[in-house]
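**Q**
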Amino acid sequence: MNAKSLVFLFMFIGHAYSETYNEELFIKPLATGYVYSFFQFTVIREDDSFKHSTLFPHSLGDIIDRFYVAELNVDLTSGLWRHKSWGYPAVDAPSGAEISARFHNDTQDVDKNWYGLTNALSGLLCTSLNFINSANSYESSADRVYRYSNLPRENVCTENLTPWKKLLPCDSTRGLSSLLNSGRVHNANYHSLGIHFRPLCNAGKCKYELRQTVSLVYDSVFISFNNKYDWSLRKMFGTGLFKTCPLADYSKIYLDTSSNSSVPYLISQEPDYILKNSIAVYNLKGIFHLSAIVPRPKIVVSELRPLLYTDRFITGFGQEYGGLVTRIYNDHRSSINATVIENIPWFLPIYYHTLKVTSNGVRVTPKALIYKPGKGRVRIYYLEIVLELAPRSVTEISVQFDYVFLKWQEYPPDANHGFYIGSAIVKATIPRHATSLTFDKSLIIDNLNSTGSDYLICLKTENFIITLPTPDFSMPYNVICLACTVVALAFGPIHNITTKRLKLTTAKYVPGLASVAQKLYVWLENIFWSKKKNKTGKAAVVKVFVPEELSYHPTFGHVSEEFMKDKVDFIAS
Amino acid sequence: MEKLLFFVYSIGILIRVYLNFSDFSTSIADRVEVSTPLNSWKRVIEGVSLYNKNINPYDGDLFHETPLALVFFSHLTSTFSDFYVSLVFIVCDLMTAFVLYYTSKIYTENLLKQQAKTKHVYNKEFNKLLIPDDFSVINPFYVCSVYMLNPYTVFSCIARTTTVFNNLFLALCLYSMVKRHRLLGCLSLVLASLPTFYTFGLLAPLMISCAPIDPKKKTGSFIITFLTCGTISCSLLYLCYNIMNEWTFLDSVYGFILNVRDLKPNIGLFWYFFTEMFEHFRALFVCAFQLNASVLYVVPLSIRLRRDPLLLATSLLTLTAVFKSYPSIGDVGFYLSLLPIHRHLFYFMQQAFIVSCFFVGCTVFAPTVWHLWIYSRSANANFYFGVTLAFATTQIFLITDLLFAYIKREFALKHGMKRMINGKEARLMLD
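In the order they appear, the protein sequences are chains A and B.
The first sequence lines up with residues 0 to 572 when you count with numbering that gives the first Met the number 0.
The second sequence lines up with residues 0 to 430 when you count with numbering that gives the first Met the number 0.
1) Contact criterion: CB-CB distance below 8 Å. Does phenylalanine 79/B meet it with respect to chain A?
2) From the beta carbon of alanine 141/A, is the nearest beta carbon of chain B less than 8 Å away?
3) Could you pull out every unbroken alpha helix (DSSP H) segment of at least 4 residues lying fully inside the segment 191-259 of chain A, listed in chain order?
4) Whose C-beta lies closer than 6 Å to the C-beta of valine 177/B among residues of the same chain, with five residues either side of it excluded?
5) Just checking my contact of aspartate 47/A with cysteine 205/A at CB under 8 Å: how many whole Å lie between their CB atoms?
6) Spatial neighbours of glycine 536/A within its chain, please: C-beta separation below 6 Å, excluding the five flanking residues on both sides.
7) Would a C-beta distance cut-off of 8 Å place isoleucine 599/A and alanine 423/A closer than the cut-off?
8) Would a check of beta-carbon distances place histidine 557/A closer than 8 Å to chain B?
9) Please tell me whether phenylalanine 363/A has its Cβ less than 8 Å away from any Cβ of chain B.
10) Just how far apart, CA to CA, sit serine 9/B and valine 354/B?
11) Just to make sure I have the definition right: I need the residues of chain B whose C-beta is within less than 7 Å of the C-beta of aspartate 471/A. Which are they?
12) Looking only at C-alpha atoms, which of Leu262/B, Arg281/B, Gly332/B sits nearest to glutamate 319/A?
13) Given a cut-off of 8 Å on the beta-carbon distance, is the pair glutamate 22/A and glycine 237/A in contact?
14) Roughly how many whole angstroms lie between the Cα atoms of tyrosine 114/A and histidine 57/A?
15) Would you say histidine 352/A reaches chain B, if we count a Cβ-Cβ gap shorter than 8 Å as a contact?
16) For my contact list, glutamine 39/A and threonine 212/A are in at a C-beta cut-off of 8 Å; report their separation, rounded to the angstrom.
17) Express the C-alpha separation of valine 259/B and threonine 65/B in angstroms, rounding to a whole number.
18) DSSP state of valine 478/A, grouped into three classes?
19) How many angstroms separate the CA atom of glutamate 208/A from the CA atom of leucine 246/A?
20) Where does glutamate 18/A land, buried or exposed, given buried means 16+ other C-beta within 10 angstroms?
21) Which residues in chain B have a C-beta closer than 7 Å to the C-beta of glutamate 383/A? List them in chain order.
22) Who are the Cβ neighbours of alanine 279/A in its own chain at under 6 Å, not counting the five residues just before and after it?
23) When you compare only the Cα positions, how much space is there between phenylalanine 403/B and histidine 343/B?
24) Taking just the CA atoms, how far does tyrosine 370/A sit from serine 139/A?
25) Cβ closer than 8 Å: which chain A residues qualify as neighbours of serine 48/B?
26) With glycine 421/A and isoleucine 464/A assumed to form a contact (beta carbons below 8 Å), what rounded beta-carbon distance in angstroms separates them?
27) Assuming contact is defined by CB atoms lying nearer than 8 Å, are tryptophan 369/B and valine 31/B in contact in what I supplied?
28) When the Cα of lysine 566/A is compared with those of Leu427/B, Asp430/B, Asn421/B, which residue comes out closest?
29) Would you say glycine 254/B and lysine 323/B are within 8 Å of each other, going by their C-beta atoms?
30) Name, going along the chain, the residues of the segment 289-300 of chain B whose beta-carbon falls closer than 7 Å to a beta-carbon of chain C.
31) Does DSSP put alanine 425/B in a helix, in a strand, or in coil?
32) Any C-beta of chain B within less than 8 Å: which residues of the segment 303-323 of chain A qualify?
33) Asparagine 19/B touches chain A at which residues, Cβ-Cβ below 7 Å?
34) How close, in whole Å, do the beta carbons of leucine 577/A and leucine 59/A come, if the pair is a contact with beta carbons under 8 Å?
35) Please tell me whether isoleucine 157/B and serine 24/B are closer than 8 Å, where the distance is taken between their beta carbons.
36) List the residues of chain A whose Cβ lies closer than 8 Å to the Cβ of methionine 468/B, in chain order.
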């Protein structure tokens, strides 16, 4: 099929469902010799029914339709984005899997749709999103139809990338997606796959936007092989660009050269044009290659340090009591309003009364606070704090928690590896700083052109691992036996005391096994020699006396009547 | 004797006050043996602060007291400063000791009176089995000093566990048993059992002790006591409902106790057993263990010990302290201080030495292996489980020994001390 007939075909189909598709790649050299590349594949369509589509992935459209999804964000990430030295990414995603969705306002059973959605997506993307349940997701305090969950333990791998690429109109054969080579993608220091679907409504008229994003951070020293800081498309992705995707309206590469003033580097290609004096733009048409020769970079962290960044860690030692500390650094000259959302799993019960918010060491009261206590195996501990971060301050939120002892089957296979605790979320509106990508526009180019002064950022803090105390997994039978034995130790004597009467006997006490052996011996003796000896067993000789039958004698103790008769005779004689 | 009593009292107060304001108090309160999820002060504070913020504390997983206690502690912490709150705990402990003192005094006096009536029935041989008159002075003193000086009760008080209040109500209940105050007994019994559930078994000794001697009126009296308790508990539960406006607290208090949701180690048997339990057998064993802890021994022991309701109460308290789902050493300390009341049985007890050695050993070993397991991570859960097993076994030995002593004394009173038949050595056996 030649290109002409293809275009004709799409004109024919595209008539009914107007859809547009664009491919973009944004490359930004970071401090300390890292290179950040951000791919964005955007489909925009006008029809809100996803039954028929040409560019919009049909499998995803079905899921969106079926579960009444209004907005969806899925991020699969491996590695940690270092805000302090790298600035802000285009999409801030915590390590592991993160999913949030907003359903249509008239959705009846939101939870049912939420679990349906996560299960469907786990099939679509080969992830463990099916492990999402009420114990690791929360609904927003303000929004009934919003759900959020993250799975910090999720291991992002090739098996996620392949189905992700299949959602693209050109798959991975043509266009920018041909750069996404699974071997190279998973070699990156940080990589994050994203699917972002949202409606864009303007005066009652809605468009639907689907963005598939990939964020990759490569260490240029590692990829250059010659221990220099040079980088190129081939070095990063293992291949050059050969064909563009014919379905895309345009394919563009943007190169942020703003750091060129402090760390100059040479680019192999002249850009088609330069945006805002610092961003080189390349329109892709055919074979394309881009490389940069970088002399040893000066490591200047301070000028790249973002206005707002976070830190999170646990305090205390031992596996009994601990503390969770989230620090928010505000390096801005004026104060910033921030919302901190902590979602702490049920096996880390936090004590609300130990919650302490300090700013530069001085205790402050938050502007607003929402706390929903968690419940074992059912619900997370949800804490939402609205704070005003003082200018140039460190705000610290600390809370105490207990280590919980779980049932032995609730521990993951490698129990002593520990449990992953997902990140906290910090939302704030900060002034535009350096070249940061935002999400308020559909296309990267629009975002780069944006002139808005403030923008909303959503920071995800570090995950951490906590090792809960473990039982001995090899012990279940022993424990059951031992504990039941102790119960029997009480039951036996009390049963005897309450049901039996004390009596006197002259039978000798024979302990445990010996008594069984003796009884066996008597029994055998009876069988074999009963005829010869013609007498009953020895057991019959022993008599148990009920004290009531006996009378009491000061020297002989209890005495039977016959005995007394004999005694009387004896004494008389 | 008054001087001695005063001395013991002041020593007890001094220890409590000193420990309360020393650095030890927090580390004592953090001990798993002292504070369980059910009685820890930290969780009470958590519940109160949630309640004051208009968040339902029963939504969460940390607070398990009744709404009545919630309101009480909320008032307590808002009106008093931290210093006075700890004083309240100390004063409660003193009152418990005081009530126990009078309980023991009245009980022993009653025993002596009874003995004087039935003395003629006994053989002169048995004179040394008779309770000497000075027991009515010495026993209460022992009871009081055991409660005041026992490290278990002291730690429980320092850690501000709610067991302190519970013990006070239990002491009041025992007091009304010997005093035959039906209403006070029922009220204190219900107040003690509402948050901890298991002690409702004490209804049996209360019914027995409140009943008149006339056998015809006995059944009626039993029913009245039972109904009084039932009415009081129903009305208190309804009051709880009115405080919270919903019944969710039932699941948070009784569901939590019965289903053993928190598997944090304590001195009991439940935690490791249900940690290691296979999920499909869980319901069965929960039922079995809870029956064993709550009702299994009530009826047989009540029939056997019907003549001595206080011994019945002591043994039921001991058995629940061993077998309940979240036992703490506060419960152990309480029943230990009841033992001197039954000093006339000590003559027949055989395992006192072993039991006391094990008590000391377990008390020393438990924190040691806990530290090895949780902090230095060189031991594992089995070590601590071993200690709790030994501790439970010890307590079981103690109570069975006491019960055997009771029936042996009963036997000896009737049939003499000599264990001989026709001049030959004989032994006692249960048949």
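Glycine residues also receive a C-beta, built at the ideal position from the N, C-alpha and C atoms.
Here the structure is a predicted model, which is why all the values come from computation and not from measurement.
**A** Based on what the coordinates show:
1) The residue given as residue 79/B occupies position 80 in the second sequence. No, because no Cβ of chain A sits closer than 8 Å to the Cβ of phenylalanine 79/B.
2) Numbered from its first residue, the first sequence carries residue 141/A at position 142. No, alanine 141/A does not count as interfacial toward chain B.
3) 219-223, 232-236
4) One-based indexing of the second sequence puts residue 177/B at position 178. Beyond the five residues adjoining it in sequence on each side, valine 177/B comes within less than 6 Å, by CB distance, of Thr102, Ile105, Tyr106 in the same chain, given in chain order.
5) By one-based count along the first sequence, residue 47/A stands at place 48. By one-based count along the first sequence, residue 205/A stands at place 206. Contact holds; Cβ gap of about 7 Å.
6) In the first sequence, the residue the question calls residue 536/A occupies position 537. The predicted position of glycine 536/A is uncertain, since its pLDDT is 42 and thus under 50; a value taken from the coordinates is nonetheless stated next. Closer than 6 Å at Cβ, skipping near neighbours: Val521, Asn525.
7) As displayed, chain A neither begins before 0 nor continues past 572, which places residue 599/A out of reach and without an answer.
8) Here residue 557/A refers to the residue found at position 558 when the first sequence is read from its first residue. So yes, histidine 557/A belongs to the interface.
9) The count along the first sequence starts at 1 and reaches residue 363/A at position 364. Reading off the sequence shown, one finds valine at residue 363/A, where the question assumed phenylalanine. Not closer than 8 Å to any Cβ of chain B, the Cβ of valine 363/A fails to qualify, so no.
10) Here residue 9/B refers to the residue found at position 10 of the second sequence. Here residue 354/B refers to the residue found at position 355 of the second sequence. Each residue's alpha carbon lies about 29 Å from the other.
11) Here residue 471/A is taken as the residue at index 472 of the first sequence, counted from 1. Going along chain B in sequence order, the residues near aspartate 471/A (Cβ under 7 Å) are Asn379, Ala380, Asn381.
12) On the first sequence, residue 319/A is found 320 positions in, with the first residue counted as 1. It is Leu262/B.
13) Walking along the first sequence from the start, residue 22/A turns up at place 23. Walking along the first sequence from the start, residue 237/A turns up at place 238. Not in contact: glutamate 22/A and glycine 237/A (Cβ atoms no closer than 8 Å).
14) Within the first sequence, residue 114/A is the residue found at index 115, counting from 1. Within the first sequence, residue 57/A is the residue found at index 58, counting from 1. If you take the alpha carbons of tyrosine 114/A and histidine 57/A, they lie about 20 Å apart.
15) As a first step, residue 352/A is located in the first sequence; it is residue number 353 there, counting from the start. Answer yes: the Cβ-Cβ gap between histidine 352/A and chain B drops below 8 Å somewhere.
16) Start at 1 with the first residue of the first sequence, and residue 39/A comes out as number 40. Start at 1 with the first residue of the first sequence, and residue 212/A comes out as number 213. That belief holds up - the Cβ atoms of glutamine 39/A and threonine 212/A are roughly 5 Å apart, short of 8 Å.
17) For this step, residue 65/B is matched to residue 66 along the second sequence. For this step, residue 259/B is matched to residue 260 along the second sequence. Annotation: threonine 65/B to valine 259/B spans about 17 Å, alpha carbon to alpha carbon.
18) What you label residue 478/A is simply residue 479 of the first sequence in a count that begins at 1. Of the three classes helix, strand and coil, the one that applies to valine 478/A here is helix, per DSSP.
19) Here residue 208/A corresponds to residue number 209 of the first sequence, with the count starting at 1. Here residue 246/A corresponds to residue number 247 of the first sequence, with the count starting at 1. In a straight line, the C-alpha of glutamate 208/A is about 16 Å away from that of leucine 246/A.
20) In the first sequence, the residue the question calls residue 18/A occupies position 19. Result: buried.
21) Numbered from its first residue, the first sequence carries residue 383/A at position 384. Within chain B, no residue comes near glutamate 383/A; the closest Cβ sits about 13 Å away, beyond 7 Å.
22) Counting from 1 along the first sequence, the entry for residue 279/A is found at position 280. Residues Leu254, Thr256, Pro270, Ile273 of the same chain have their beta carbon placed closer than 6 Å to that of alanine 279/A, with the five preceding and five following residues left out of the count.
23) Position 404 of the second sequence, counting from 1, holds the residue named residue 403/B. Position 344 of the second sequence, counting from 1, holds the residue named residue 343/B. Computed Cα separation, rounded: 13 Å.
24) Taking the first sequence and counting its residues from 1, the one referred to as residue 139/A is at position 140. Taking the first sequence and counting its residues from 1, the one referred to as residue 370/A is at position 371. Each residue's Cα considered, the two are about 12 Å apart.
25) The residue given as residue 48/B occupies position 49 in the second sequence. Within chain A, the residues near serine 48/B are Tyr351, His352.
26) Working through the first sequence from its first residue, we reach residue 421/A at position 422. Working through the first sequence from its first residue, we reach residue 464/A at position 465. Under the criterion of beta carbons closer than 8 Å, glycine 421/A and isoleucine 464/A do not qualify as touching, at roughly 11 Å.
27) Along the second sequence, one-based indexing puts residue 369/B at 370. Along the second sequence, one-based indexing puts residue 31/B at 32. For tryptophan 369/B and valine 31/B, yes; Cβs fall inside 8 Å.
28) On the first sequence, residue 566/A is found 567 positions in, with the first residue counted as 1. Among Leu427/B, Asp430/B, Asn421/B, the Cα nearest to that of lysine 566/A is on Asn421/B.
29) As a working mapping, residue 254/B is identified with position 255 in the second sequence. As a working mapping, residue 323/B is identified with position 324 in the second sequence. Against a cut-off of 8 Å, the Cβ pair of lysine 323/B and glycine 254/B comes out as no contact.
30) Judged by its chain identifiers, the structure shown contains no chain C, and its protein chains are A and B.
31) The residue given as residue 425/B occupies position 426 in the second sequence. Correct three-state label for alanine 425/B: coil.
32) Of all residues in the segment 303-323 of chain A, only Phe316, Gly317, Gln318, Glu319, Tyr320 place a beta-carbon less than 8 Å from a beta-carbon of chain B.
33) Looking up residue 19/B in the second sequence gives position 20. The premise fails here: asparagine 19/B is roughly 20 Å from chain A at the closest Cβ pair, so nothing lies under 7 Å.
34) Any property of residue 577/A remains undetermined from this structure, which presents chain A solely from 0 to 572.
35) Counted from its first residue, the second sequence places residue 157/B at position 158. Counted from its first residue, the second sequence places residue 24/B at position 25. In contact: isoleucine 157/B and serine 24/B (Cβ atoms closer than 8 Å).
36) A question about residue 468/B goes unanswered here, because the residues of chain B that appear run from 0 up to 430.
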